[in-house]
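Asks: In this note's numbering, the protein residues as written are 59 to 676. Glycine residues also receive a C-beta, built at the ideal position from the N, C-alpha and C atoms. These numbers come from a predicted model, not from an experiment.
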């Protein structure tokens, strides 16, 4: 979907002076650096008045705000019709650009959601990491893998919804193992009617929305109704579902009245560092706990920190009808309006000072303090390690972002370049990439060059170059990568090293540009262990992608074994259907719609895959 963002005005800031012709109405403003990288996003119902406050008396600004304005070379202004539109647009821009001087989530990674697709006749559950506007329902995000597994276990045990793909479901002619162990109702083979399945979908949705009590009441009623009709088998099924659900609910701590659905939020500040804890209460029971680090670049009062956090956090999380915090947001009425827009319903932001909600805030505070302590320890450990990396490897700067590159191929066939990203010593999965390489033949140097060049091109375009690039290879691979950095004129911006095993398998060698002799470190050295960790992760990621590509290629080559199918017709089929799975599921009538495919070949395709399915069953 194309971004229907309002028209914007990009103005140059000369000598710290506010550009003229700034409109007075509502809108969003973005300070940009010289490289046009967003530094800070803000909004106001009176744009000109707000922007004048940055330029009238710069000396009176808080120190960090003054530094931010000094670093800004451009000012982008986006006009909106209403203040509410400005609020929504501000939240979208902060989530998209992650500006340095806005409050940022330190662990800003793609946490998984449970997706319930509703367009299929028998809706399917799946795990995804991005929400899309595709008509599906998304529940989450789940920051705890344990909480995600527990939710899925309940859904499959109690409601028995399917998890297989549409293609796999279409191919089945008899129920799979999940049906045998009562983890799926097998809609694929008609073991459950569409109406009965949709009733289970409705209950699963209510459970995921936190309305477990409603599900229990409904199941009790269904069980009594079935027993009254002498449908004892169905009544026994409802009984089993009830027992399984009640066992889960009994294990949850009851903290409020059964009708209470709310989030409890507490933030602990420590200079630029902060930690937030979110307790999620559903139907009076304590469900999941979400704990995350924050980075606060500009001077803000505690109310401003809470307001900014609520906007960022709930831009990608489900908004409950009530949010409890330890401060009043009297000066930020727009936050409530934004949250109500996200929820499409009323939201109350409460300041608790006594009672059960205050007790829950105290619990959240303990979680936030613990998270802050752990964050300090990690930060101290990383400062020490990054200083060692700078010193031992002769780097220009302490590397906060490190990326590892590896090549996976078999004699040059189906080569895959893998790139992994580490942020402050920890894997950053959102920065992982794989590259299907175009370099001909088994030329390791050419493949390294292609991956480095493609990464640098993206980094210059998106302004997200890493601090350190680590190549899996020896001096030859290092030299090729160094040449790419020189050609793009960024040798001073990106540090580079490579790591390779000793020829006699005695240990590891680290190669550094400009040094003829390899650096060897003791096996337990922290710098060596970190380099090995990045290299091994790049290798693991590359091998995984290469295996998947090989398997896919082998599967696609099956088409060429069918009489009447050559490379041209194989390409036609793949273009028309999009995947080998869809071709395997297609009927003769569907195959005949492919231009230039004779009826006899369509019959051959159907017969071939039927035979393959029969062989698989045998």
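Should the stretch 541-552 be called in touch with the stretch 473-483, which here means at least 3 C-beta pairs below 8 Å?
Replies: No: the two stretches stay apart, fewer than three of their Cβ pairs being nearer than 8 Å.
Asks: Anyone know if the C-beta pair for residue 300 and residue 277 falls short of 9 Å?
Replies: A contact, by the Cβ cut-off of 9 Å.
Asks: Assuming residue 368 and residue 393 make a contact with CB atoms under 8 Å, what is their CB distance in whole Å?
Replies: About 6 Å separates the two Cβ atoms, so the contact holds.
Asks: Ignoring anything shorter than 3 residues, give me the beta strand (DSSP E) runs that lie fully in the stretch 93-141, in order along the chain.
Replies: With a minimum length of 3 residues, the continuous beta strand (DSSP E) runs that stay inside the stretch 93-141 are 96-102, 132-137.
Asks: Taking the alpha-carbon positions, what's the residue 191 to residue 401 distance?
Replies: Distance between the alpha carbons of residue 191 and residue 401: 15 Å.
Asks: Do you know offhand how far residue 213's Cα is from residue 412's?
Replies: Using only the alpha carbons, I get a separation of about 37 Å.
Asks: So what does DSSP say about residue 494, is it helix, strand or coil?
Replies: In this structure, residue 494 counts as strand in the three-state DSSP scheme.
Asks: Flag this pair as yes or no: are the beta carbons of residue 159 and residue 355 separated by less than 9 Å?
Replies: It is a contact, given that the beta carbons lie within the stated cut-off.
Asks: So, at 7 Å on beta carbons, what are the nonlocal neighbours of residue 387 in its own chain, with the 5 sequence-adjacent residues on each side left out?
Replies: Closer than 7 Å at Cβ, skipping near neighbours: 361, 364, 365, 393, 407.
Asks: In the DSSP assignment, the alpha helix (DSSP H) including residue 642 goes from what residue to what residue?
Replies: Unbroken alpha helix (DSSP H) run through residue 642: 638-643.
Asks: Measuring CA to CA, which of 332, 347, 518 is closest to residue 339?
Replies: When only C-alpha atoms are compared, the closest one is 347.
Asks: Give the straight-line distance between the Cα atoms of residue 234 and residue 618, rounded to the nearest whole angstrom.
Replies: So the two alpha carbons sit approximately 29 Å from each other.
Asks: Under a Cβ-count criterion, where at least 16 other Cβ atoms within 10 Å of its own Cβ denotes burial, should residue 635 be classed as buried or exposed?
Replies: Burial call: buried.
Asks: Between the Cα of residue 371 and the Cα atoms of 526, 352, 358, which residue gives the shortest distance?
Replies: The candidate whose alpha carbon is nearest that of residue 371 is 352.
Asks: Can residue 437 and residue 122 be called in contact, C-beta distance under 9 Å?
Replies: For residue 437 and residue 122, no; Cβs fall outside 9 Å.
Asks: In this structure, how does DSSP classify residue 29 when only helix, strand and coil are distinguished?
Replies: Any answer about residue 29 is impossible in this case: the structure gives the chain only from 59 up to 676.
Asks: In chain order, what residues of the same chain lie with their CB nearer than 7 Å to the CB of residue 425, ignoring the 5 residues before and after it?
Replies: So the list reads 335, 347, 349, once near-sequence residues are dropped.
Asks: According to the neighbour-count rule (16 or more other Cβ atoms, all chains shown, within 10 Å of its Cβ), is residue 625 buried or exposed?
Replies: Exposed.
Asks: Within the stretch 310-375, note down every full alpha helix (DSSP H) run reaching 4 residues or more, in order along the chain.
Replies: Qualifying alpha helix (DSSP H) stretches, in chain order: 360-371.
Asks: Quick check on the burial criterion: 16 or more other C-beta atoms within 10 angstroms. Buried or exposed for residue 605?
Replies: Exposed, because fewer than 16 other Cβ atoms sit within 10 Å of the Cβ of residue 605.
Asks: Considering only their Cβ atoms, is the gap separating residue 599 from residue 483 smaller than 9 Å?
Replies: The answer is no: Cβ separation not under 9 Å.
Asks: Is residue 566 closer than 9 Å to residue 551 when the C-beta atoms are compared?
Replies: No, the pair does not count as a contact, with Cβ atoms beyond the cut-off.
Asks: Where do the ends of the alpha helix (DSSP H) carrying residue 404 lie?
Replies: Where residue 404 is concerned, there is no enclosing alpha helix (DSSP H), given that its DSSP letter is neither H nor E.
Asks: So residue 55 packs on residue 622, CB below 8 Å; how close in whole Å?
Replies: Residue 55 falls outside the range modelled here, since the chain spans only 59 to 676, and no answer is possible.
Asks: State the DSSP-derived secondary structure class of residue 665, mapped to helix, strand or coil.
Replies: Residue state, collapsed to three classes: helix.
Asks: Do the stretch 376-386 and the stretch 177-189 make contact, defined as three or more Cβ pairs closer than 8 Å?
Replies: Segments in contact, no.
Asks: Once the 5 residues before and after residue 534 are set aside, which same chain residues still bring their CB inside 7 Å of it?
Replies: Answer for residue 534: 503, listed in chain order.
Asks: Could you give the residue range of the beta strand (DSSP E) that holds residue 559?
Replies: Its beta strand (DSSP E) spans residues 553-559.
Asks: For the candidate residues 138, 172, 120, 89, whose alpha-carbon lies nearest to that of residue 131?
Replies: Looking at the Cα atoms, 89 is the closest of the given residues.
Asks: Note down the Cα distance separating residue 96 from residue 155, rounded to an integer number of angstroms.
Replies: Between residue 96 and residue 155, the C-alpha separation is close to 7 Å.
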